[in-house]
Amino acid sequence: MHTEVIRKLQEIMGKDGVVADETQLLVYECDALSVFKHRPDAVVFARNAKQVSEVIKVANQYSIPFLPRGSGTGLSGGAMAAEGGIIIEMQRMNKILSIDVENRTAVVQPGVVNLHITQATAPLGLYYAPDPSSQMACSIGGNVAENAGGPHCLKYGMTTNHILEIEAVLPDGEIIRLGNSAGEAVGLDLLGAVVGSEGTFAIVTEIVVRLLPKPPGVKTLLAAFHSVEACSQTVSDVISAGIMPAALEFMDDKAIEAVEASVYKAGYPRDARAALLIEVDGFREGLEETSDAIVEICRKNQAYEVRVAKNDQERAQLWLGRKGAFGAMGRISPDMVVMDAVIPRTQLPGVLTEIYRIADRYGLAVANVFHAGDGNLHPLILFDSRRQEQVDKILDMGGDIMKVCVAAGGALSGEHGIGIEKKEFMDLVFNDVDLDVMMQVKNVFNPRGLLNPSKIFPTRRSCTEIGKGSTTNTEEIGKRVEAVLLRGNGDR
Amino acid sequence: MTVDGISPGRIVSPESLDELSGLIASEKGAIVPVGAGTHLEFGNPLQSADCVVSLARLNRITTYNPAELTIHVEAGVTLDQIQQALSANNQTLPLDPWNGGSATIGGIAAANAQGPLRATGSIRDWIIGMTVVHVDGKRSKTGGRVVKNVTGYDLAKLYTGSLGSLAIIAEISFKLRPRFEKTATAIARFGSVADAVAALSGVRKGTLQPIACEFVGPEHEIWLRFGEHPRAVEMQLAQLPSASWKVHEGAEEVAAWERLRAAYAAMGPIVLRVVGKPTDVPGIIDAYDPESWIAHGMNGIVLMALGDVQSAEAVRRKFPAIVERAPREIRKRLGVFGVEGSVKRLMLDMKRTYDPERRLNPGRHIDGE
Chain A
2 MHTEVIRKLQ EIMGKDGVVA DETQLLVYEC DALSVFKHRP DAVVFARNAK QVSEVIKVAN
62 QYSIPFLPRG SGTGLSGGAM AAEGGIIIEM QRMNKILSID VENRTAVVQP GVVNLHITQA
122 TAPLGLYYAP DPSSQMACSI GGNVAENAGG PHCLKYGMTT NHILEIEAVL PDGEIIRLGN
182 SAGEAVGLDL LGAVVGSEGT FAIVTEIVVR LLPKPPGVKT LLAAFHSVEA CSQTVSDVIS
242 AGIMPAALEF MDDKAIEAVE ASVYKAGYPR DARAALLIEV DGFREGLEET SDAIVEICRK
302 NQAYEVRVAK NDQERAQLWL GRKGAFGAMG RISPDMVVMD AVIPRTQLPG VLTEIYRIAD
362 RYGLAVANVF HAGDGNLHPL ILFDSRRQEQ VDKILDMGGD IMKVCVAAGG ALSGEHGIGI
422 EKKEFMDLVF NDVDLDVMMQ VKNVFNPRGL LNPSKIFPTR RSCTEIGKGS TTNTEEIGKR
482 VEAVLLRGNG DR
Chain B
140 MTVDGISPGR IVSPESLDEL SGLIASEKGA IVPVGAGTHL EFGNPLQSAD CVVSLARLNR
200 ITTYNPAELT IHVEAGVTLD QIQQALSANN QTLPLDPWNG GSATIGGIAA ANAQGPLRAT
260 GSIRDWIIGM TVVHVDGKRS KTGGRVVKNV TGYDLAKLYT GSLGSLAIIA EISFKLRPRF
320 EKTATAIARF GSVADAVAAL SGVRKGTLQP IACEFVGPEH EIWLRFGEHP RAVEMQLAQL
380 PSASWKVHEG AEEVAAWERL RAAYAAMGPI VLRVVGKPTD VPGIIDAYDP ESWIAHGMNG
440 IVLMALGDVQ SAEAVRRKFP AIVERAPREI RKRLGVFGVE GSVKRLMLDM KRTYDPERRL
500 NPGRHIDGE
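Protein sequence lines, in the order shown, are assigned to chains A and B.
Its first residue numbered 2, the first sequence is counted upward by one per residue in my numbering.
Its first residue numbered 140, the second sequence is counted upward by one per residue in my numbering.
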C-alpha cells in the first residue's frame with residue numbers, strides 16, 4: 002500500500018493504531034474459515050466511530066477496499082480481505098457502555114464479546130439470548146453483521162430479534178443511527194436490513210441490545226437412541242406436541258465418539274447411534290410436566306436411555322460435550338469441513354439418511370452435530386488433508402450434500418453466513434431477479450462497492466457490481482472457491 | 140370505493156401470482172395494492188390511483204405442515220383465516236393487530252400493523268420469507284421456508300412496513316408457535332398516572348412475564364395478559380402488584396380486549412405512535428397531556444390521541460413518532476414518519492431504486508414519495 006495512505010492512516014489512528022508490516026498482517030489474512038486467505042494491506046485498530054469514519058474517507062479517496070473485523074471467529078470468510086485493502090479491527094471498542102435494568106437494554110461497543118454481556122447482566126437477573134457456540138470469543142459486532150444464531154435460537158430467535166438500535170458508519174464515512182429504544186421501525190426498517198448484511202452495508206460502531214429476564218426454571222435431558230431415524234423422528238414429535246424447547250440438539254455416534262475421547266468428555270452413552278440434548282426453560286410451574294412429556298416422547302420412539310440432569314453441575318456436564326463437539330473432532334480426524342445448511346425439520350430423517358449415503362459413496366466419514374429443533378444441520382466432513390485423493394472429493398461431496406438440503410426445501414446457511422464460502426452456491430436457491438434485487442439494495446448502502454467486496458454474490462456477478470473499484474483478485478478467489486470449496490475449520 | 144379519498148381509475152382482482160405479475164407488467168400508471176381495506180388511511184396521503192390491485196382473491200394457504208411449525212400463504216389470506224387453520228393443531232401466529240383479524244396478512248405486513256400482543260415481538264419477528272412483485276411485474280423472493288436462515292439479505296425486513304411502496308407483497312412464509320396453553324387478563328384501575336406507573340415499574344423489575352401489558356388512559360387502567368402453562372399463569376396472577384385486580388378468562392377475556400380495540404378505534408382526531416423507553420411513559424403522558432392513550436408498558440410505545448397539530452409537533456421534537464391515524468390534511472402537514480437527515484436520504488434512495496417512476500402507492504412513502 003502506498004506510503005502516503007499509511008501516513009494518513011497513522012495521522013488518524015496514531016502510530017500504534019496501524020499495522021502495515023507484511024509479517025504482522027499474516028494474522029489477519031483469514032477468519033475462522035482458514036482455507037480462504039487474502040492478506041490485507043493494512044489493519045487499523047479503531048477506538049471510536051469518528052476514527053472509523055475518517056479511515057473510510059481516506060479509503061474512499063484512494064478507492065481502497067475496506068472491511069470490519071471483530072474477533073475473527075466467523076465461519077464463512079466475512080472478515081477476510083478478499084480484495085486486500087484496509088481491515089478495520091474493532092476489538093479495542095470493547096466496552097459495555099451502560100445497562101438499563103428496568104428497560105431491559107444494554108448499550109455496548111461492537112468489540113464486546115457476546116458472553117461478556119450475559120456475564121455482566123446475570124447479577125441483575127438478565128441475560129442476552131443469542132448464544133453462538135463461539136460465544137466465549139465472538140464479538141457482538143460480528144454477531145450483528147452475520148445475524149448469528151446458536152442453540153437457544155429455537156425458542157428465542159436470532160440476533161436480529163434482539164437488536165433495538167445501532168450506530169453505524171456508512172461506506173461514505175457518514176455516521177448514522179438506525180432503530181430506537183423499542184426497535185420500532187419508523188419509516189423503512191433499515192436496521193433490520195443491516196443486521197445480517199455480512200458487513201456489506203455499514204460498519205456497526207454501537208449497539209443497543211435487548212436483555213431478557215433469566216428464566217426461573219430450566220430442565221436439561223439427554224436421550225440415547227439405537228437409530229438415527231428414531232432420533233430424528235423424536236425431534237418432529239416434540240415440536241408436533243406443542244412443546245417449544247429452549248434447545249434441541251442432535252449428535253450422532255461419530256460425534257459422541259469424538260467427544261468421549263476428548264477433554265469435553267460428558268459421559269454420553271458410547272453405544273448410541275444418535276442422541277438428543279434437550280432443554281426446556283421458563284417458569285418452574287409446569288416445567289416438570291413438560292419435561293415428563295418429552296421423556297415420554299423419547300421412550301415412545303425407543304430411546305433406550307433418558308437422563309435428566311438433577312442439578313446445575315449435571316446440566317453443565319451435558320452441555321460440555323455438545324459445546325466442545327467441533328473442537329473434539331481432532332480426536333478422530335486430522336481435518337474437517339463444517340457445513341451449515343438448513344432444512345425443514347420434518348425432512349431430518351430422509352436428509353440424514355441421504356447424507357450418510359453420500360459419505361459412503363465418497364468413502365469419507367461424516368459426523369453430525371447440529372441444532373435439530375430448527376433444522377440447522379452441521380454435517381462435518383472428516384478427512385486428512387495430507388491425502389490428496391480425500392481432498393479431491395470434498396468439493397463434490399459438499400456440493401452433493403448442499404443440493405440434497407436445497408432439494409428438501411432448505412437453504413444454504415442457517416447461521417454462519419454466505420461470505421466467501423458459499424457464494425458460488427447462491428444460484429441454487431435464488432434466481433437472477435432475486436439476486437439483482439439484493440444487489441440493488443446493496444448499492445443503496447454501498448454504491449462504490451468498497452465495503453467488504455467479493456462477498457455473498459456469485460463471482461460472475463460481483464464482476465459487474467456497479468461503480469466497483471478493483472476487481473483484480475475476484476477471479477482468482479473465484480477459482481479458489483471452486484477448487485477447495487468447503488475445506489475449513491470450525492470452532493462450533 | 141375510494142382509497143384514502145382517491146377514486147381509483149380501475150380495480151383489478153388477480154386470482155394467481157402469474158395473473159398479478161402480468162397485470163402489474165402491463166400497467167403504466169399509479170398502482171395501489173389493497174387487501175381487506177382495514178388500513179387504507181395509514182401512511183402519507185395517497186396521490187393517485189390509476190389501478191387499484193386487490194389481493195383479496197389471492198387467498199390460499201399454500202402449505203401448512205403442523206409438524207414444521209411454519210405456514211406459507213398468499214398475501215390476501217386474512218389473519219382470522221390463518222388462525223382458524225392453526226387452531227386445529229393448537230398452534231398460533233401471535234399477532235393481534237388493533238384493526239382486527241379480518242385484515243389480510245399482506246396488509247398487516249405492509250402496514251406493520253400491531254396490537255397489544257407484543258411480548259413475543261411484532262410481525263417482523265415471525266416472517267421467514269417473502270415473494271414480492273416489482274413495479275415491472277417481475278417476482279423476487281427473500282428468505283425461504285425454513286425457520287432459521289441467513290442465506291442472502293433479509294429484504295423481508297424492508298418490505299414489512301413499507302406500505303407497498305417498494306414492491307407488492309404477494310406471498311409470506313411464517314414461523315409459528317404452540318398456542319398459549321392458557322391465557323388470562325388482569326385489569327386494575329389506579330388513581331393517577333404516578334400510581335399506575337409505580338405498579339408497571341414493579342412488573343418490569345419483577346418476575347412476571349406478561350404477553351401484553353397496556354397502560355390505558357384517561358382511566359389509568361393497567362391490563363396485564365399472561366399466556367403460559369396454566370400453573371405458571373396462576374402463579375403470576377397470585378403475584379400481581381397490590382391493587383384491586385379483576386381477572387378475565389375465556390370468552391370474558393376476549394370480550395375485554397374487544398372493548399380495548401373499540402377504545403383504540405375511537406381515539407382521535409390525531410393518534411400518534413410515540414416511541415420512548417418504558418420509563419419514559421409517565422413523562423410522555425404528563426408532558427403532552429393526551430385526551431386518551433394506550434401505552435405498551437414493556438416496550439415504551441405510546442399510542443396517544445391529541446387534539447391539534449402543535450401538540451404532535453411538540454412530541455416529535457423529543458421522540459420518534461409515527462402518525463398512526465389523522466385526517467389527510469394533517470398527515471400531509473405533519474408527515475407520517477417524521478424522518479430526517481441521512482436516514483431519510485437512505486430511505487428515499489431505496490424508494491428510487493425499487494420504483495424510479497414513483498408508480499407504487501405514490502405519496503405513501505417517506506416525505507410523500
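Each residue gets a CB set at the ideal place from its N, CA and C atoms; glycine is no exception.
Using only the alpha-carbon positions, how far apart do residue i and residue j sit?
i: Ala248 of chain B; j: Gly300 of chain B; result: 6 Å
i: Phe329 of chain B; j: Ser54 of chain A; result: 50 Å
i: Leu277 of chain A; j: Leu353 of chain A; result: 15 Å
i: Lys457 of chain B; j: Ile167 of chain A; result: 19 Å
i: Ala231 of chain A; j: Cys139 of chain A; result: 35 Å
i: Gly75 of chain A; j: Ala256 of chain A; result: 22 Å
Between the options, which has its C-alpha nearest residue i's C-alpha?
i: Ser535 of chain A; options: A:Pro350, A:Ala342, A:Ala368; result: For residue 535 of chain A there is no data in the structure shown, the boundaries of chain A being 2 and 493.
i: Val209 of chain A; options: A:Gly218, A:Asn144, A:Ile457, A:Lys255; result: A:Asn144
i: Ile271 of chain A; options: A:Thr119, A:Ala259, A:Ile279, A:Val281; result: Checking the sequence shown, residue 271 of chain A turns out to be Arg, not Ile. The option with the nearest alpha carbon to Arg271 of chain A is A:Ala259.
i: Ile177 of chain A; options: A:Ala50, A:Ser233, A:Gly418; result: A:Ala50
i: Pro124 of chain A; options: A:Val113, A:Asp101, A:Pro131; result: A:Asp101
i: Lys38 of chain A; options: A:Val28, A:Ala47, A:Val45; result: A:Val28
i: His211 of chain B; options: B:Arg149, B:Ile200, B:Asp219, B:Leu218; result: B:Ile200
Contact criterion: CB-CB distance below 9 Å. Does residue i meet it with respect to chain A?
i: Ser226 of chain B; result: no
i: Thr322 of chain B; result: no
i: Met280 of chain B; result: Rather than Met, the amino acid found at residue 280 of chain B in this sequence is Lys. Closer than 9 Å: yes.
i: Ser152 of chain B; result: no
i: Gln348 of chain B; result: yes
i: Val142 of chain B; result: no
i: Leu485 of chain B; result: yes
i: Lys167 of chain B; result: no
i: Phe329 of chain B; result: no
i: Leu156 of chain B; result: no
i: Asp494 of chain B; result: no
Which same chain residues, not among the five before or five after residue i, have their C-beta less than 8 Å away from its C-beta?
i: Asn438 of chain B; result: Arg257, Pro417
i: Val236 of chain A; result: Leu249, Phe251, Leu277, Arg346, Leu349, Ala373, Gly374
i: Ser263 of chain A; result: Gly325, Gly328, Ala329, Gly331, Arg332
i: Lys404 of chain A; result: Leu429
i: Lys220 of chain A; result: Glu280, Val281, Asp282, Leu288, Glu289, Thr291, Ser292, Val309, Ala310
I want to verify the contact list: residues of chain A whose CB lies under 7 Å from the CB of residue i, in sequence order.
i: Asn251 of chain B; result: Ala186
Check whether the Cβ of residue i lies closer than 9 Å to any Cβ atom in chain B.
i: Lys469 of chain A; result: Here the model assigns Lys469 of chain A a pLDDT of 36, short of 50, so the residue's position is not dependable, and the following value carries that caveat. No, because no Cβ of chain B sits closer than 9 Å to the Cβ of Lys469 of chain A.
i: Asn61 of chain A; result: no
i: Lys443 of chain A; result: yes
i: Ser182 of chain A; result: yes
i: Leu68 of chain A; result: no
i: Arg388 of chain A; result: no
Would you say the beta carbon of residue i comes nearer than 8 Å to a heavy atom of the ligand HEM?
i: Leu347 of chain B; result: The ligand HEM is not part of this structure, which contains no ligands at all.
Mind listing the chain B neighbours of residue i? Cutoff is C-beta to C-beta under 8 Å, in chain order.
i: Met427 of chain A; result: Thr290, Gly291
i: Ile419 of chain A; result: Val289, Thr290, Gly291
i: Glu175 of chain A; result: Ser481
Kindly list the residues whose CB is nearer than 6 Å to the CB of residue i, restricted to its own chain and excluding five residues on each side of it in sequence; keep chain order.
i: Glu466 of chain A; result: A caution first: Glu466 of chain A carries a pLDDT of 42, below 50, which makes its placement in the model too unreliable to give a value.
i: Gly73 of chain A; result: Asp32, Ala80
i: Ala351 of chain B; result: Pro255, Leu256, Arg364
i: Ala465 of chain B; result: Ile409
i: Ile240 of chain A; result: none
So which residues on chain B does residue i lean against when the C-beta distance must stay under 9 Å?
i: Ser237 of chain A; result: Ala206, Glu207
i: Leu191 of chain A; result: Lys296, Leu297, Val482, Leu485, Met486, Met489
What does residue i touch in chain B if you count any residue whose Cβ is under 7 Å from its own?
i: Asn377 of chain A; result: Lys287
i: Met403 of chain A; result: The premise fails here: Met403 of chain A is roughly 11 Å from chain B at the closest Cβ pair, so nothing lies under 7 Å.
Quick one: what's got a C-beta closer than 7 Å to residue i's C-beta in the same chain, skipping five residues either side?
i: Gly468 of chain A; result: Here Gly468 of chain A scores only 35 on pLDDT, less than 50, and its place in the model is too uncertain to base an answer on.
Starting from the beta carbon of residue i, find every residue of chain E whose beta carbon is closer than 7 Å, and list them in chain order.
i: Ser241 of chain A; result: Absent from the structure: chain E. Protein chains present are A and B.
Which residues in chain A sit within 8 Å of residue i, going by Cβ to Cβ distance?
i: Val414 of chain B; result: Asn181, Ser182, Ala183, Glu185, Val187
i: Met374 of chain B; result: Phe284, Glu286
i: Phe476 of chain B; result: Val187, Gly188
Please list the partners that residue i has in chain A, where partner means a Cβ-to-Cβ separation under 9 Å.
i: Asp264 of chain B; result: Gly158, Thr161, Asn162
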